[in-house]
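Novice: So in the numbering used here, the last spot in the sequence shown is 397, and the numbers never skip.
Even glycine gets a Cβ: it sits at the ideal position worked out from N, Cα and C.
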Amino acid sequence: MQESREALLGREPDRIKDLILDLRKHLAAPVMLFALALGQAGHAQEAPAPVVVAAVERARVTDDLVLSGTATARRTSMLSPLTDGLVAEVLVDIGDHVETGQVLARLDDVIARHELATARAALAEGQARLADAERRRDEAAEVHARNLIAESAYESAVAEAGILEADVRRLRAEYDRQREIVSRHTLTAPFPGIIAQKIAESGQWVQRGDALFQLVDTDVLRVDVSVPQGYFRALEAGTQASIRFDADPGNVIDTRVTTRVAVGDAAARTFLARIEVENADLRYAPGMSARVVLKPGGAGGGAVLRIPRDAVIREADGSFRIWRVRDSRAEPLTVGVERFAGNAAVLAPGPVQAGDQIVIRGNEALRPDQAVRIVEAAR
19 MQESREALLG
29 REPDRIKDLI
39 LDLRKHLAAP
49 VMLFALALGQ
59 AGHAQEAPAP
69 VVVAAVERAR
79 VTDDLVLSGT
89 ATARRTSMLS
99 PLTDGLVAEV
109 LVDIGDHVET
119 GQVLARLDDV
129 IARHELATAR
139 AALAEGQARL
149 ADAERRRDEA
159 AEVHARNLIA
169 ESAYESAVAE
179 AGILEADVRR
189 LRAEYDRQRE
199 IVSRHTLTAP
209 FPGIIAQKIA
219 ESGQWVQRGD
229 ALFQLVDTDV
239 LRVDVSVPQG
249 YFRALEAGTQ
259 ASIRFDADPG
269 NVIDTRVTTR
279 VAVGDAAART
289 FLARIEVENA
299 DLRYAPGMSA
309 RVVLKPGGAG
319 GGAVLRIPRD
329 AVIREADGSF
339 RIWRVRDSRA
349 EPLTVGVERF
359 AGNAAVLAPG
369 PVQAGDQIVI
379 RGNEALRPDQ
389 AVRIVEAAR
């Protein structure tokens, strides 16, 4: 009995090995089936994704940009006298249209004119003495030529004439200065325009630098508009535009952009475009609002790269991404979008070229280098 138990215990390792082999055989088939299923699933995931593509176009953008503008005067000036004095006469009133050089006001210049008369008389006296000295110098020169007077007498005559000539120059400068002082008692218009403010009246004492009038040039108005920064490259001086003032909606003015100010507003992300409008008939006034239509695709718009708007995906950080198809594979590209023009996006210079195939539908779930199948090429 003892021997049978020992024999049985001796064979126990062999029985364990047999059980392990049987277990491996039973488990091998399910594992293989599971691996096969995984392989088939992986193969199914690698199936090409169906996409719709469109080609990148090089074209001129002709979209109209509608903005609001405000009319401003080309020139505005606060007019001040060039000297102190009492206002003797005011010759214009608010709303008057004046021309260049027209007298607007006069200051009391009685004392200044008396001083001018004194300077004029002094100048005349100096000129007379100079003429007499020059006559005596010339006579001395003739006598000296015949050796009838001493050398020193001749040189004295020449010196006296030179001294009086210098004195006349001084008197003339004093006369010119006094004449300028008299002229500064008259205030004239530096350019044509409308008197927008009249600040002083007759009998009022004013000092140099005090404003008497505000003059506004209304013959030419400037309409300023803030343009989104995406249009900076497409808009320049000469770009076609049209203006319709809200106060005169029935009249459309066809014109062109006069100036593009190459300084942007960092807060609003805009830049200034200015259009000058002739207004000699005073049909419009500074401060009026206007509807401005800019046509970047007209003069100066230039050729740009354009793709359908649906191709552009905006990322969380504000950047823009598109998917380009090359060799039946999806390639992600980060691009710069200058602006959206209707249903199209205008691209900044970058990795995209005209003719590239860009995914416009089916681009939401693509992965880099994923196989794709083009089911439609949009036009």
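Among Leu189, Ala158 and Thr288, which one has its Cα closest to the Cα of Arg147?
Specialist: Leu189
Novice: Could you check the C-alpha separation between Pro208 and Ala280 for me, to the nearest Å?
Specialist: 30 angstroms
Novice: Can you name, in chain order, every residue of its own chain whose Cβ lies under 6 angstroms from the Cβ of Ala372, other than the five neighbours on each side?
Specialist: Sequence-distant partners of Ala372 (beyond 5 residues in either direction) whose C-beta falls short of 6 angstroms from its own C-beta, in its chain, are Val74 and Arg76.
Novice: DSSP has Arg274 in a bridge; who is on the other side?
Specialist: According to the DSSP secondary-structure assignment, Arg274 is paired through a beta bridge with Gln258.
Novice: Can you tell me which of Ala285, Glu333, Ala366 and Pro350 puts its alpha carbon nearest to the alpha carbon of Leu323?
Specialist: Among Ala285, Glu333, Ala366 and Pro350, the Cα nearest to that of Leu323 belongs to Ala366.
Novice: For Gly268, does the three-state DSSP call read helix, strand or coil?
Specialist: coil
Novice: What is the C-beta distance between Ala362 and Pro326, in whole angstroms, given that I count them as a contact (C-beta under 8 angstroms)?
Specialist: 6 angstroms
Novice: Please tell me whether Glu254 and Arg278 are closer than 8 angstroms, where the distance is taken between their beta carbons.
Specialist: yes
Novice: DSSP state of Ala298, grouped into three classes?
Specialist: Reduced to three states, the DSSP call for Ala298 is coil.
Novice: Going straight from the alpha carbon of Val70 to that of Gly87, what length do you get?
Specialist: 41 angstroms
Novice: From Asp237 to Glu107, what does the alpha carbon distance come to, in whole angstroms?
Specialist: 27 angstroms
Novice: Going by DSSP, name the residue or residues bridged to Ala67.
Specialist: Its beta-bridge partners are Val390.
Novice: Output yes or no for whether 8 angstroms exceeds the beta carbon distance between Thr94 and Val234.
Specialist: yes
Novice: Leaving out the 5 sequence neighbours to the left and right, which residues in its chain are closer than 7 angstroms to Phe358 when beta-carbon positions are compared?
Specialist: Arg327
Novice: Using 8 angstroms as the threshold, is the region 108-120 in touch with the region 168-185, meaning 3 or more CB pairs across them?
Specialist: no
Novice: Residue range of the beta strand (DSSP E) that Ile378 falls in?
Specialist: Counting along the chain, the beta strand (DSSP E) containing Ile378 begins and ends at Gln375 to Arg379.
Novice: According to DSSP, which residues form a beta bridge with His115?
Specialist: Ile212
Novice: Starting from Tyr144, trace the alpha helix (DSSP H) both ways and give me its first and last residue.
Specialist: The question names Tyr, yet the displayed sequence has Gly at residue 144. Boundaries of the alpha helix (DSSP H) around Gly144: Val128 to Ala163.
Novice: Measure the alpha-carbon distance for Arg155 versus Glu192 and round it to whole angstroms.
Specialist: 26 angstroms
Novice: Whose C-beta lies closer than 8 angstroms to the C-beta of Leu54 among residues of the same chain, with five residues either side of it excluded?
Specialist: Residue placement at Leu54 cannot be trusted, given a pLDDT of 46 that sits under 50; what the coordinates show is reported in the next sentence. Excluding positions up to five away in sequence, the list is empty.
Novice: If you run the structure through DSSP and keep just helix, strand and coil, what is Gly336?
Specialist: Secondary structure of Gly336 (DSSP, three-state): coil.
Novice: Would the region 303-314 count as touching the region 257-270 if we require 3 or more Cβ pairs under 8 angstroms?
Specialist: yes
Novice: Within the chosen definition, does the region 326-340 reach the region 123-137 through at least 3 CB pairs nearer than 8 angstroms?
Specialist: no
Novice: According to the Cβ coordinates, are Pro388 and Ala67 closer than 8 angstroms?
Specialist: For the record, residue 388 in the displayed sequence is Gln; it is not Pro. Going by C-beta atoms, Gln388 is nearer than 8 angstroms to Ala67.
Novice: Rounded to a whole number of angstroms, what is the C-alpha to C-alpha distance between Leu141 and Val186?
Specialist: Leu141 and Val186: Cα-Cα distance of roughly 6 angstroms.
Novice: Identify which residue in Tyr302, Ser170 and Ile378 has its Cα closest to the Cα of Ala396.
Specialist: Ile378
Novice: My output table needs one value for Asp328: the three-state DSSP class, helix, strand or coil.
Specialist: helix
Novice: Just to confirm, does Ile217 get its C-beta within under 7 angstroms of one of the non-hydrogen atoms of the ligand ATP?
Specialist: Absence of the ligand ATP from the depicted structure is noted, as is the absence of any ligand whatsoever, leaving it without description.
Novice: With 16 as the cutoff for other CB atoms within 10 Å, does Asp266 come out buried or exposed?
Specialist: exposed
Novice: Excluding the 5 residues preceding and the 5 following Ser220 in the sequence, name in chain order all residues of the same chain whose CB lies nearer than 8 angstroms to its CB.
Specialist: Same-chain partners within the cutoff: Val105, Ala106, Glu107 and Val108.
Novice: Looking only at C-alpha atoms, which of Gln247, Gly268 and Arg153 sits nearest to Phe289?
Specialist: Gln247
Novice: Leaving out five residues before and five after Ala214 in sequence, what residues of the same chain have Cβ atoms less than 6 angstroms from its Cβ?
Specialist: Gln232 and Val234
Novice: Using three-state DSSP, classify Leu189 as helix, strand or coil.
Specialist: helix
Novice: Would you say Ala139 and Pro304 are within 8 angstroms of each other, going by their C-beta atoms?
Specialist: The answer is no: Cβ separation not under 8 angstroms.
Novice: Give the secondary structure of Ala55 by DSSP, where H, G and I count as helix, E and B as strand, and everything else as coil.
Specialist: Reliability of the predicted coordinates at Ala55 is poor, the pLDDT of 49 falling under 50, and the value obtained from them is presented with this limitation in mind. When secondary structure is reduced to three states using DSSP, Ala55 falls in the helix class.
Novice: For Ile340, collect the residues of the same chain with a Cβ closer than 8 angstroms to its Cβ; drop the 5 residues on either side in sequence, then sort them by chain order.
Specialist: Ile325, Ala329, Val330, Ile331, Pro350, Leu351, Val353, Val370, Ile376, Val377 and Asn381.
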